[in-house]
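Just below is one structure, and these are the notes that go with it.
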């Protein structure tokens, strides 16, 4: 119409041009009209700019920063932005995934006294749509409701999407109920987001929501059933999963590969190998490809049934998607006709037609004396129990020291290849909004294999910003290079389990703790924990250097990242343990067991010195807690493994740039009934031209000072069906206290955090 008007000589009005810009679905056409308007004598108004901003927010192919540059032009033209302006601007920033800028503009709108609008609040909620800002999205929703702003189904769906990506199933389920009470029928997208939120742990809620959808919302679709089916199967609720799969077939839904594979897993676990193979044939007839997890389940069932024929038939497909270590372990069990429960379980070297199953065995730390809670007969007297515990203390030193002595007498680690420590990308857990279920299952398999092999892994994709790591290392380097008298002002005078601060050079001796000859540890350290009164609980105070005012922000920022990474790893370990034990563990199970404990970080400085095979930086040991997260700058960490001939020797742990080295520790190995390996390790003295910095974070080392002893829960072994626990349940506090008492009984008054730290 504008072209026709121009041809006949009619000059379109500003209202007509604005209407044309508003009608543009493409930002390029809208921007072109604005530029022509600016070249004409007719000046654009606020509506013109708003319409172009709205067009730029409708698609993701626009140039970054277009909406913000238009806002600058609007202000330069002496125009006043309106509520609609900021709504369109925030929507455009949300489309660009720039949620920080979007929320900043929302605050700017409030500062300009424009007042909140439904458009601005809705755009702000949409900008939060990445799962990490669900709390801000909910806060914006409450703000809109308090101001009696109209909140539509689309805005509520955005909040639901946030809750779904963050797996906040209780809040998502409550929001669906609130929508129904308000007379709003949730969209299929909102219901799907709520179902996804329930997938991680609230399968019963997801099932209830699915059943209520025909009454209060849209009719459930295939994706709705798939999400709930996967939730049931993931939490080992096989019967509801199979019932849902049957309903999908009766309703003639198009069943996707996600639902088929979940149904296959439930079918194998509930009805056995034969039923699973029948479902596999059905998938083939429907041109649906099984994923690696489906083949792995069928292969496991074949091994459990002692059926090498089916195992061999599944092997070729499985080889494409699963690690060689898992393949060889499963195939070995199928070929020999015996049951194989978990891969790489410290087996001696064995040959089959596909090669060697294992070539190296880790040296485990004996956990009997560390935990003092081996299972005993109930009729045993307390005196006899004490005798056995004391024998266990001596047994610990003997077992570890004999292996270490043999390894020390063997060839140097430099003459052997590095240990087979896998590199695992955990970004699908660190950033769950970007993950697929296949990615998560692959990580679980990789972590399970690592935990049952050496108990060590190099983790990438963790999400810890390099700026925080760099700031920490720079601050530590400056601190440890400071004069000794300055560093000693940070020494802690506390003599309890929460003591933190500076530890002087050679003040510790791991060799002495194990009653073995050898020099003191060639290092100094600075230990730190959570800020006092974190989350309203007192945890004691960190000791910060007064001569470095920038030190504390670097330490606190890094500690916060370690707490986040700790939660991520606890979820992965829980899911790996559930897979190994075949127990329906909640993903937050291990996290719940260590609460309200906090981790302890220990920055360690190994000064440059001449390489030596005798004087090690840190003596051989295993860590006490559930697991350790290690940041280091140079090689030196070594693990003690057995060769094919059964001879212990040291192997270096490869250093992966940008990765954290994570190892299983004694407490987690106990909880796993020794499925996971807590391996003996040390820090060798191999680097001479530069100091070595390492920062281990020990999970679950600090209890709040106001902790009530009687309120503690006791943690027992997670065992497979029919498996007997090796350890009695024990509280975290008693576990740490007994370890500490063991050191005192050996005549060594040493704080807990001075044990370990690679």
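Residue numbers (my numbering): -15 to 742. From the three backbone atoms N, C-alpha and C, an ideal C-beta is built for every residue, glycine too. Computed from a predicted structure; not experimentally measured.
Whole-angstrom C-beta distance between residue j and residue i, which should lie under 8 Å
i, j, result
"residue 30", "residue 15", "No, residue 30 and residue 15 are not in contact; Cβ-Cβ is about 16 Å, not under 8 Å."
"residue 644", "residue 446", "6 Å"
"residue 470", "residue 531", "5 Å"
"residue 612", "residue 639", "With a Cβ gap of about 16 Å, residue 612 and residue 639 do not count as contacting."
"residue 424", "residue 413", "7 Å"
"residue 637", "residue 405", "5 Å"
"residue 657", "residue 440", "Their Cβ separation, rounded to whole angstroms, is 20 Å, which puts residue 657 and residue 440 out of contact at 8 Å."
"residue 584", "residue 610", "Wrong, their Cβ atoms sit about 12 Å apart, outside the cutoff."
"residue 224", "residue 263", "The pair is not a contact, with the Cβ atoms about 17 Å apart (cut-off 8 Å)."
"residue 403", "residue 676", "Not quite, the Cβ-Cβ distance comes to about 18 Å (not below 8 Å), so this is no contact."
"residue 589", "residue 464", "4 Å"
"residue 228", "residue 212", "6 Å"
Alpha carbon of residue i to alpha carbon of residue j, nearest angstrom
i, j, result
"residue 460", "residue 484", "15 Å"
"residue 326", "residue 663", "Because the pLDDT of residue 326 is 34, which lies under 50, any placement of that residue in the model is unreliable, and the number read from its coordinates should be weighed accordingly. So the alpha carbons of these two residues sit roughly 18 Å apart."
"residue 723", "residue 529", "30 Å"
"residue 680", "residue 614", "4 Å"
"residue 115", "residue 417", "In this predicted model, residue 115 has a pLDDT of only 43, less than 50, meaning its place in the structure is not dependable; the value taken from the coordinates is given anyway. Looking at the two C-alpha atoms, the distance is approximately 6 Å."
"residue 536", "residue 488", "20 Å"
"residue 2", "residue 32", "5 Å"
"residue 234", "residue 249", "20 Å"
"residue 686", "residue 66", "52 Å"
"residue 682", "residue 619", "20 Å"
"residue -2", "residue 231", "58 Å"
"residue 207", "residue 245", "14 Å"
"residue 507", "residue 442", "24 Å"
"residue 542", "residue 7", "50 Å"
"residue 709", "residue 701", "6 Å"
"residue 490", "residue 527", "20 Å"
"residue 574", "residue 204", "34 Å"
"residue 544", "residue 550", "10 Å"
"residue 323", "residue 704", "With a pLDDT of 37 at residue 323, under the threshold of 50, the modelled position of this residue cannot be trusted; read the value that follows with caution. Whole-angstrom Cα-Cα distance: 14 Å."
"residue 0", "residue 20", "14 Å"
"residue 61", "residue 452", "42 Å"
"residue 242", "residue 567", "22 Å"
"residue 363", "residue 714", "Legend: pLDDT at residue 363 = 30, less than 50; position of this residue unreliable, no value from coordinates given."
"residue 13", "residue 28", "16 Å"
"residue 427", "residue 410", "7 Å"
"residue 53", "residue 444", "37 Å"
"residue 555", "residue 587", "25 Å"
"residue 569", "residue 209", "22 Å"
"residue 668", "residue 579", "34 Å"
"residue 421", "residue 258", "26 Å"
"residue 475", "residue 711", "37 Å"
"residue 285", "residue 252", "7 Å"
"residue 11", "residue 175", "32 Å"
"residue 272", "residue 240", "8 Å"
"residue 197", "residue 56", "47 Å"
Limits of the unbroken alpha helix (DSSP H) element including residue i
i, result
"residue 568", "Note, residue 568: premise wrong, no alpha helix (DSSP H); not H, not E."
"residue 208", "206 to 218"
"residue 582", "Unbroken run through residue 582 is the beta strand (DSSP E), 582 to 590; no alpha helix (DSSP H)."
"residue 2", "-2 to 7"
"residue 648", "Careful: residue 648 lies outside any alpha helix (DSSP H), inside the beta strand (DSSP E) at 644 to 648."
"residue 640", "That residue, residue 640, is in no alpha helix (DSSP H); it is neither H nor E in DSSP."
"residue 712", "Premise fails: residue 712 is in no alpha helix (DSSP H) and is neither H nor E."
"residue 504", "First-last for residue 504: undefined, no H or E at that position."
Where the beta strand (DSSP E) containing residue i begins and where it ends
i, result
"residue 625", "621 to 626"
"residue 705", "From DSSP, residue 705 is part of no beta strand (DSSP E); its letter is neither H nor E."
"residue 466", "Neither: residue 466 is in no beta strand (DSSP E) and is coded neither H nor E."
"residue 657", "Element bounds for residue 657: n/a, residue is neither H nor E."
"residue 608", "Where residue 608 is concerned, there is no enclosing beta strand (DSSP E), given that its DSSP letter is neither H nor E."
"residue 509", "508 to 512"
"residue 636", "632 to 636"
"residue 667", "665 to 667"
"residue 487", "485 to 487"
Quiz item: At which residue ranges does the segment 397 to 464 contain complete alpha helix (DSSP H) runs of 4 or more residues, listed in the order of the chain?
Solution: 411 to 414, 421 to 436 and 450 to 464
Quiz item: Per the contact definition of three or more C-beta pairs closer than 8 Å, is the segment 616 to 630 in contact with the segment 650 to 670?
Solution: yes
Quiz item: Is the segment 429 to 437 in contact with the segment 552 to 562, if contact means three or more CB pairs nearer than 8 Å?
Solution: yes
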